[in-house]
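Heads up: the sequence lines are chains A and B, in that order.
With our numbering, the residue at position 78 of the first sequence is 59, and numbering never jumps.
In short: position in the second sequence from 1, add 2, done, that's our numbering.
C-beta: ideal position from N, C-alpha, C; glycine also.
Fair warning: this is a prediction, and the values are worked out from it, not measured in the lab.
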Amino acid sequence: MYINVFGGSALLHLLLGYPRLILVLGIVGTVAATNTPHGPGRVAGTGQYLAVLDAEIGQRATNSDAAERTARQAVTNMLESYDPVAIEKTVAETLDACGEGCTDLSTPIVIRDTEMLRRVLTLHELDRLWAASQKRAATPPVAGRSVGK
Amino acid sequence: MFVQLITRGALLRSALLFAALLACTASPVTAQDLPPSTAFPGSFWIATGDVGPAEEGNVVTQAAFEQGITVWERGSWFAIPYFGAGITTDSAGYEWNDRHPFQVGMKLVRRVPGGALQAGGGLMFERDPSSGGERHPTAFVSYWAGWAAEGQAQRGSIFRGFPGHLSASSGLMTGRDPDNWMTRIDGQQGVAVMRNKLISVVPYGGGVVTFDTKRRVWENRVTLDAGVKLVRPFVGGVIEAGVAERRQYTVLIDQVENAPVVYVNLWVGWNPRAVR
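Here it is, written out as structure tokens:
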């Protein structure tokens, strides 16, 4: 027997608690790590697993503190130059990446809550850093630039 | 509204810092690089309430516990050996409601949007009063999906969500009737008319259809509920309590009955993982 667990936003709050994991896995990757036979990662035990993952692989995100600071600064910039269309789009993208575990949150709910908005935008910035590092890793090195040539 | 405070120089410094970080962030890790782990999915539920018109005035309590270990997983697929134990009792003391089955088995679970699809089999241990046998093979397929639809509800609606679920299960489900293949289809749709941090108030309508291969009178029914429930979610589970008017059609004897029901349900799920 399963009962529909609705209300709250436990999965999103879990993600917000592990910025280093977002830097290493991205939002989609971190949510995938919480996949369970029961549902979208909101069962008891998910938080502990993310903490273990953070300890195990979070250290691979060198400069993570600096990256978090950069992400927070970018969010501050975004909020101060408040572009409602861009912010709505960013929040929608973040909730979309979070997937079915975040369907209990809608863009208007997040935008109305200033603190939650800031944190969701920070998640998006961290995810953007992760995506950029993925892209960089996939790009072959340019010939002729190696040391000694 | 926020005031523009950022200078062009600050934006440039921020962009340069971003670029510098990109240049020195560690190599990316993919989901495949996650440290291997073993998951232990389990759940416990308890449901207590009036049976309805079939046994008017009788209150039945059912509880079940299941614990598994994920021996294989890939994406949304999980292979899980498990054991489960249940107990059923009622206020009237009927023998058929005095049950304490136990089962061990293996199931394959596929997570699907909003829910899960499962198929499995194993052994169930429960006394069959007709034969005295206490060990029986079991097999089942099941589907469950739930939704909250709160996102759409926020877009101009006065309601706080449209929670509902659909489930279906089919199989050899009980040791009391071990050769009877039973099927149950269950759906419910509600409207969250009020919601605060503690509870939601959800009027709903629902229905259950059951049928079997042995053509038991009590297994071939159509049940419709119209009611209201209070729902309190928490991390890892949900508790709900409600009242409903139940209308039940017993197909094989062409009988329709009505009765009010009151119930309380609790579900708790967990999935701790141990990194190997």
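Check	Outcome
If you reduce the DSSP assignment to three classes, tell me which class Met108 of chain B lands in.	strand
Output, in chain order, the set of chain A residues within a Cβ distance shorter than 7 Å of Phe80 of chain B.	Pro18
Apart from the five residues on each side of it in sequence, which residues of its chain come closer than 6 Å, Cβ to Cβ, to Tyr251 of chain B?	Val224, Val258
Just to confirm my understanding: we take Arg234 of chain B, look at its own chain, exclude 5 residues before and 5 after, and list those with CB closer than 6 Å. What are they?	Ile201, Ile241
Look up Ser39 of chain B in the DSSP assignment and say whether it is helix, strand or coil.	strand
Measure the C-alpha to C-alpha separation of Ser133 of chain B and Ile89 of chain B and round it to an integer number of angstroms.	21 Å
May I ask you to verify whether the region 162 to 176 of chain B touches the region 139 to 153 of chain B, counting CB pairs closer than 8 Å and requiring at least 3?	yes
For His167 of chain B, does the three-state DSSP call read helix, strand or coil?	strand
In chain B, what lies closer than 7 Å to Val24 of chain A by C-beta?	Gly238, Gly271, Trp272, Asn273
Helix, strand or coil: which one does DSSP assign to Ala261 of chain B?	strand
Kindly indicate the opening and closing residues of the beta strand (DSSP E) around His138 of chain B.	137 to 149
Give the straight-line distance between the Cα atoms of Ser62 of chain A and Gln54 of chain A, rounded to the nearest whole angstrom.	12 Å
Would you please state the rounded distance, in angstroms, between the beta carbons of Ile71 of chain B and Thr40 of chain B? I believe it to be under 8 Å.	7 Å
Within the continuous alpha helix (DSSP H) that includes Lys116 of chain A, where are the two ends?	95 to 119
Taking DSSP's pairing of strands, which residues face Asn267 of chain B in a bridge?	B:Ala49, B:Glu242
Taking the Cβ atom as the reference point for each residue, do Thr15 of chain A and Tyr30 of chain A lie within a distance shorter than 9 Å?	yes
By the three-class DSSP mapping on this structure, what secondary structure does Gly28 of chain A have?	helix
Rounded to a whole number of angstroms, what is the C-alpha to C-alpha distance between Thr63 of chain B and Leu268 of chain B?	12 Å
Looking only at C-alpha atoms, which of B:Val270, B:Val61, B:Met196, B:Ala228 sits nearest to Ala94 of chain B?	B:Val61
Whose C-beta lies closer than 8 Å to the C-beta of Val219 of chain B among residues of the same chain, with five residues either side of it excluded?	Thr252, Leu254, Ile255
Can you tell me whether Leu125 of chain B is buried or exposed? The criterion is at least 16 other CB atoms within 10 Å of its CB, across all chains shown.	exposed
Classify Lys70 of chain A as helix, strand or coil using the three-state DSSP reduction.	helix
Tell me the rounded alpha-carbon separation between Ala25 of chain B and Tyr84 of chain B.	Low confidence applies here, because Ala25 of chain B scores a pLDDT of 41, under 50, leaving its location unreliable and the question unanswered by this model.
Give me the Cα-Cα distance between Cys83 of chain A and Gly207 of chain B, rounded to the nearest whole angstrom.	25 Å
Would you say Val270 of chain B and Phe46 of chain B are within 9 Å of each other, going by their C-beta atoms?	yes
Count the other CB atoms, across all protein chains shown, that sit within 10 Å of the CB of Pro115 of chain B; report buried if there are 16 or more and exposed otherwise.	exposed
Do Gly(-2) of chain A and Asp108 of chain A have their C-beta atoms within less than 9 Å of each other?	no
Any beta carbon from chain A within less than 9 Å of Pro37 of chain B's own beta carbon?	yes
How about Arg113 of chain B: is its C-beta nearer than 9 Å to some C-beta of chain A?	yes
If I follow the unbroken beta strand (DSSP E) through Leu281 of chain B, where does it start and stop?	Residue 281 of chain B is absent from the structure shown; chain B starts at 3 and stops at 278.
For chain B, is any of its Cβ atoms less than 9 Å away from the one on Gly28 of chain A?	yes
Of the residues B:Trp146, B:Gly117, B:Leu174, B:Leu36, which one's Cα is nearest the Cα of Lys216 of chain B?	B:Leu174
Do Gly229 of chain B and Val263 of chain B have their C-beta atoms within less than 9 Å of each other?	yes
Which residues in chain B have a C-beta closer than 9 Å to the C-beta of Val33 of chain A? List them in chain order.	Pro37, Ser39, Arg275, Ala276, Val277
Which one of B:Pro139, B:Val203, B:Phe127 has the shortest CA to CA distance from Arg162 of chain B?	B:Val203
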